[in-house]
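Asks:
Number of protein chains: 2
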Amino acid sequence: MIDAGLKSPVTRKSGVALWRQIADQMRQAIGTGVLGADGRLPPEIALSERFGVNRHTVRSAIAALVQEGVLRAEQGRGTFVESRKRLSYPISARTRFSTGLRDQTRDRRSTLLADMVEPASSRVAEALKLTAGADVIRLETLSEADGRPVSRATSWFEAQRFAGFAKAYAKTSSITASFKQFGIDDYFRHSTLVSARHADAADLADLKLSPGAIVLVAVAINVDPEGKPIQFAETRFAADRVELTVSTEA
Amino acid sequence: MIDAGLKSPVTRKSGVALWRQIADQMRQAIGTGVLGADGRLPPEIALSERFGVNRHTVRSAIAALVQEGVLRAEQGRGTFVESRKRLSYPISARTRFSTGLRDQTRDRRSTLLADMVEPASSRVAEALKLTAGADVIRLETLSEADGRPVSRATSWFEAQRFAGFAKAYAKTSSITASFKQFGIDDYFRHSTLVSARHADAADLADLKLSPGAIVLVAVAINVDPEGKPIQFAETRFAADRVELTVSTEA
DNA sequence: TTTAGTTGTATAGAGCAATAGACAAATATT
DNA sequence: AATATTTGTCTATTGCTCTATACAACTAAA
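As they're listed, the protein sequences go chains V and W.
Going by the numbering used here, 249 is the number at position 247 of the first sequence; the sequence numbering is gapless.
Going by the numbering used here, 163 is the number at position 161 of the second sequence; the sequence numbering is gapless.
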């Protein structure tokens, strides 16, 4: 057995149910290969001893992970890991969604959920270096890999310069390809701001997360070769499924 | 009043108590200035209506945030914001802790919690390009800003090349200064891997977090001017107090 | 076939979480 | 001084969480 006497403490009276704490820890451990590396979970009794709780509490945690599709339980045989590895999403000067995950997934897909034209908020205007209230195009997109939602992004573009961008994106499902239709053959990631928070109701629905899950939030500005901002985007990643790689080539 | 009819939904039967969900949302909203931008919180009744819960549930959430030092309640007057803004921690080719936060805080401090020499795990050996089992120095450090814990790091260095590094660090409280004593006047951030997870028991204690809190985990490799790895580090940031800025200068 | 090991189901009790209503205490406003 | 607003305390009730115990159902191995 691989799992030695790892004490994995849980906190009582914290406002977070023990079964959920355990589910979160197990999901994390499975994602990093610490637990169930051989595809099989230790028996419920062993887990309950490790976490210092009743067997039924562990069962609740397992039930939640089965519901999520992380585990699969078979009566009489055991509990098995259904899906494991975490995707690594690169952030660099040349960050692009599709290319970044190319080697790690069989199937990738981006969906345009909604698009609209709206006046720029001060936050958006500042990022795109526009005057506040100027028209901007907003794109709501969802990216999936191997059938599982990976990220949910909201992007803004200058409406004047990129009129019809949504149509181009709907056709190509690619930001890079869409930019090409506007004469931008190359672009660069100027800055990225990374934070983390609990998933809100919208995140839970869009990314098919379970309550209490964590999202990594990346707020980014892309610029054209002249250094002019062309895209401002806030992307929410499911922290259980993705990690961000920042390569700072000197 | 600034806070309009923002619906802020909470999820029932999720294994996370409503008061904790609300506390998390409020902490987040306060950190980004969405809530209590004028330093004052809406009355409990108004909050309970916004979140769709009983007043007592909101009171539990407020009590938790008072305990954390985020809020201060005064009978008859109202509830007030005690500390607000989030630090922005830059990640670039020249990432250094002290310089990064210089402009944002009055007081910074790094503490050496522990140091030891141990054989390199496969993970550490791979990062530092050593043979597995080679001796490495491990440093456990805590960084605080304005009296509040900001990050908790575990660093590894090649023991042969950096014998006595812990002593140097204990004296200078600075990685940069310690490297100088070993003839390294400059070094670079090679790569950074960012992920997020729930804080474990150790994080809660070290960073003085409340259960259910989130930590941003940055796993980084620093290299000397020749490109040879000199430091491998895993840093845990309190996600409520810090965000990471990735500047990708082309 | 028997046995051991594992997951699934059932029941009961103790403690926490959330709701509800009422009122006290302190402050600010009229 | 009187009133309204706001936080603090108390009691009671309901439902969820966790524990404990027992046994059923299924699988694999002796």
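Ideal Cβ placement from N, Cα and C applies to all residues, glycine included.
For Ala66 of chain W, I'd like the list of residues in its chain whose CB is within less than 6 Å of its CB, leaving aside the five on either flank, ordered along the chain.
Replies: The residue labelled residue 66 of chain W in the question sits at position 64 within the second sequence. For Ala66 of chain W, where only same-chain residues beyond five positions count, the Cβ hits under 6 Å are Ala25.
Asks: Hey, does Ala147 of chain V have any beta-carbon neighbour from chain W nearer than 8 Å?
Replies: The sequence position of residue 147 of chain V within the first sequence is 145, counting from 1. Not an interface residue.
Asks: When Cβ atoms are compared, which residues of the segment 22-46 of chain V fall closer than 7 Å to chain W?
Replies: Listed by position along the chain: Arg22, Asp26 and Gln30.
Asks: Could you tell me which chain W residues have their CB closer than 9 Å to the CB of His200 of chain V, listed as they occur along the chain?
Replies: Within the first sequence, the letter at position 198 stands for residue 200 of chain V. Simply Val18, Gln23, Asp26, Gln27, Gln30, Gly214 and Ile216.
Asks: Which residues, in chain order, does the segment 76-95 of chain V contribute to contact with chain W at a C-beta distance below 7 Å?
Replies: Going along the segment 76-95 of chain V in chain order, one finds Ile93, Ser94 and Ala95 with a Cβ nearer than 7 Å to chain W.
Asks: Who does Leu211 of chain V pair with in a DSSP beta bridge?
Replies: In the first sequence, the residue the question calls residue 211 of chain V occupies position 209. Paired residue(s): none; Leu211 of chain V is not in a bridge.
Asks: Taking the C-alpha atoms as reference points, what is the distance between Ser212 of chain W and Phe234 of chain V?
Replies: On the second sequence, residue 212 of chain W is found 210 positions in, with the first residue counted as 1. On the first sequence, residue 234 of chain V is found 232 positions in, with the first residue counted as 1. Approximately 33 Å, taken between the alpha carbons.
Asks: Give me whichever residues DSSP pairs with Glu84 of chain W in a beta bridge.
Replies: Within the second sequence, numbered from 1, the residue matching residue 84 of chain W stands at position 82. Looking at the DSSP assignment, Glu84 of chain W forms no beta bridge with any residue, so it has no partner.
Asks: Is there at least one Cβ from chain V nearer than 8 Å to Met3 of chain W's Cβ?
Replies: By 1-based counting over the second sequence, the position of residue 3 of chain W is 1. Its pLDDT being 35, under 50, Met3 of chain W is placed unreliably in this model, and the value from its coordinates should be taken loosely. Output row for Met3 of chain W: interface = no.
Asks: From this set, V:Leu114, V:Val36 and V:Ala63, which residue's C-alpha is nearest Leu141 of chain V's C-alpha?
Replies: For the purposes of this step, residue 141 of chain V is taken as the residue at position 139 of the first sequence. Considering only alpha carbons, the answer is V:Leu114.
Asks: Less than 6 Å between C-beta atoms, sequence neighbours within five positions excluded: which residues of the same chain meet that for Ser153 of chain V?
Replies: Sequence index remark: in the first sequence, residue 153 of chain V carries index 151 (1-based). Hits under 6 Å: Ser145, Thr237 and Phe239.
Asks: Between His192 of chain V and the rest of its own chain, which residues show a CB-CB distance below 6 Å, the 5 nearest in sequence each way excluded?
Replies: One-based indexing of the first sequence puts residue 192 of chain V at position 190. Hits under 6 Å: Ile223 and Val225.
Asks: What are the residues of the segment 184-197 of chain W that lie near chain V, defined by any Cβ-Cβ distance shorter than 9 Å?
Replies: Per Cβ criterion, the list reads Phe190, Arg191, His192, Ser193, Thr194, Leu195, Val196 and Ser197.
Asks: If you follow the alpha helix (DSSP H) that Thr34 of chain W is in, where does it begin and where does it stop?
Replies: Locating residue 34 of chain W in the second sequence gives position 32, counting from the first residue. Neither: Thr34 of chain W is in no alpha helix (DSSP H) and is coded neither H nor E.
Asks: Give every residue of the same chain whose Cβ lies closer than 7 Å to the Cβ of Gly17 of chain W, excluding the five residues on either side of it in the sequence, and list them in chain order.
Replies: As a first step, residue 17 of chain W must be located in the second sequence, where it is residue number 15. Nothing listed; no residue qualifies.
Asks: Between the Cα of Gln77 of chain V and the Cα atoms of V:Glu70, V:Arg61 and V:Ser90, which residue gives the shortest distance?
Replies: For the purposes of this step, residue 77 of chain V is identified with residue 75 of the first sequence, where counting begins at 1. Nearest C-alpha to Gln77 of chain V: V:Arg61.
Asks: Spell out whether any CB of chain V is found under 8 Å from the CB atom of Val138 of chain W.
Replies: Residue 138 of chain W sits at position 136 when you count from the first residue of the second sequence. It does not; no Cβ of chain V falls within 8 Å.
Asks: Which residues in chain V have a C-beta closer than 8 Å to the C-beta of Leu246 of chain W? List them in chain order.
Replies: One-based indexing of the second sequence puts residue 246 of chain W at position 244. Those within 8 Å of Leu246 of chain W in chain V are Leu195, Val196 and Ser197.
Asks: Indicate whether the contact test is met: 3 or more Cβ pairs, each with one atom in the segment 119-130 of chain W and one in the segment 148-163 of chain W, closer than 8 Å.
Replies: As far as the Cβ criterion goes, the segment 119-130 of chain W touches the segment 148-163 of chain W, which means the pair count is three or higher.
Asks: Would Thr13 of chain W pass as an interface residue toward chain V - the criterion being a Cβ-Cβ separation below 8 Å?
Replies: Position 11 of the second sequence, counted from the start, is the residue given in the question as residue 13 of chain W. Chain V, which has a Cβ nearer than 8 Å to the Cβ of Thr13 of chain W, makes this yes.
Asks: Chain V partners of Ala155 of chain W, CB-CB under 9 Å?
Replies: What you label residue 155 of chain W is simply residue 153 of the second sequence in a count that begins at 1. Here the premise fails: no neighbours, minimum Cβ distance about 16 Å.
Asks: Please report whether the beta-carbon of Ala203 of chain W lies at a distance below 8 Å from any beta-carbon of chain V.
Replies: One-based indexing of the second sequence puts residue 203 of chain W at position 201. By this cut-off, Ala203 of chain W is an interface position.
Asks: Chain V beta carbons: is any one of them nearer than 8 Å to that of Ala241 of chain W?
Replies: What you label residue 241 of chain W is simply residue 239 of the second sequence in a count that begins at 1. Judged by the 8 Å Cβ criterion, Ala241 of chain W is in contact with chain V.
Asks: Mind checking whether Leu43 of chain W and Gly80 of chain W have CB atoms under 8 Å apart?
Replies: Locating residue 43 of chain W in the second sequence gives position 41, where the first residue counts as 1. Locating residue 80 of chain W in the second sequence gives position 78, where the first residue counts as 1. Closer than 8 Å, so yes.
Asks: So, with DSSP's three-state summary, where would you put Ile93 of chain W?
Replies: If you number the second sequence from 1, residue 93 of chain W lands on position 91. Three-state result, Ile93 of chain W: strand.
Asks: Ser249 of chain W versus chain V: which residues are under 7 Å apart at the beta carbon?
Replies: If you number the second sequence from 1, residue 249 of chain W lands on position 247. Ser193, listed in chain order.
Asks: Enumerate in chain order the residues of its own chain whose CB-to-CB distance from Asp242 of chain W is below 8 Å, with the five nearest sequence positions on each side excluded.
Replies: As a first step, residue 242 of chain W must be located in the second sequence, where it is residue number 240. For Asp242 of chain W, where only same-chain residues beyond five positions count, the Cβ hits under 8 Å are Arg29, Gln30, Gly33, Arg88, Leu211, Ala215 and Ile216.
Asks: Quick one: what's got a C-beta closer than 7 Å to Gly41 of chain V's C-beta in the same chain, skipping five residues either side?
Replies: Counted from its first residue, the first sequence places residue 41 of chain V at position 39. The residues are Phe82 and Val83.
Asks: Using the rule of at least 16 other Cβ atoms within 10 Å of the residue's Cβ for burial, across every protein chain shown, is Gly229 of chain W buried or exposed?
Replies: Counting from one through the second sequence, the residue named residue 229 of chain W turns up at place 227. By the neighbour-count rule (16 or more Cβ atoms within 10 Å), Gly229 of chain W is not buried but exposed.
Asks: Take the Cβ of Val196 of chain W as the centre, count every other Cβ of all protein chains shown within 10 Å, and call the residue buried at 16 or more, exposed below.
Replies: Translated into positions along the second sequence, residue 196 of chain W becomes position 194. So Val196 of chain W counts as buried.
Asks: According to DSSP, what are the bridge partners of Asn224 of chain W?
Replies: As a first step, residue 224 of chain W must be located in the second sequence, where it is residue number 222. For Asn224 of chain W, which the question treats as bridged, DSSP gives the partners W:Arg191 and W:Gln233.
Asks: Using the Cα positions of Ile47 of chain W and Ala19 of chain W, report the straight-line distance between them to the nearest angstrom.
Replies: One-based indexing of the second sequence puts residue 47 of chain W at position 45. One-based indexing of the second sequence puts residue 19 of chain W at position 17. Spanning the two alpha carbons is a distance of roughly 19 Å.
Asks: What would DSSP say about Arg238 of chain W, mapped onto helix, strand or coil?
Replies: Residue numbering aside, residue 238 of chain W sits at position 236 when the second sequence is read from its first letter. Residue state, collapsed to three classes: strand.
Asks: For Thr194 of chain V, does the count of other Cβ atoms within 10 angstroms reach 16, so buried, or fall short, so exposed?
Replies: Counted from its first residue, the first sequence places residue 194 of chain V at position 192. Classification of Thr194 of chain V: buried, given that the 10 Å Cβ count is 16 or more.
Asks: Compute the beta-carbon to beta-carbon distance between Ala147 of chain W and Leu132 of chain W, rounded to the nearest angstrom, for a pair I have assumed lies under 8 Å.
Replies: As a position in the second sequence, residue 147 of chain W is number 145, starting the count at 1. As a position in the second sequence, residue 132 of chain W is number 130, starting the count at 1. Not quite, the Cβ-Cβ distance comes to about 33 Å (not below 8 Å), so this is no contact.
Asks: What does the Cβ neighbour count give for Asp205 of chain V, buried or exposed, with the cut at 16 atoms within 10 Å?
Replies: Within the first sequence, the letter at position 203 stands for residue 205 of chain V. Classification of Asp205 of chain V: buried, given that the 10 Å Cβ count is 16 or more.
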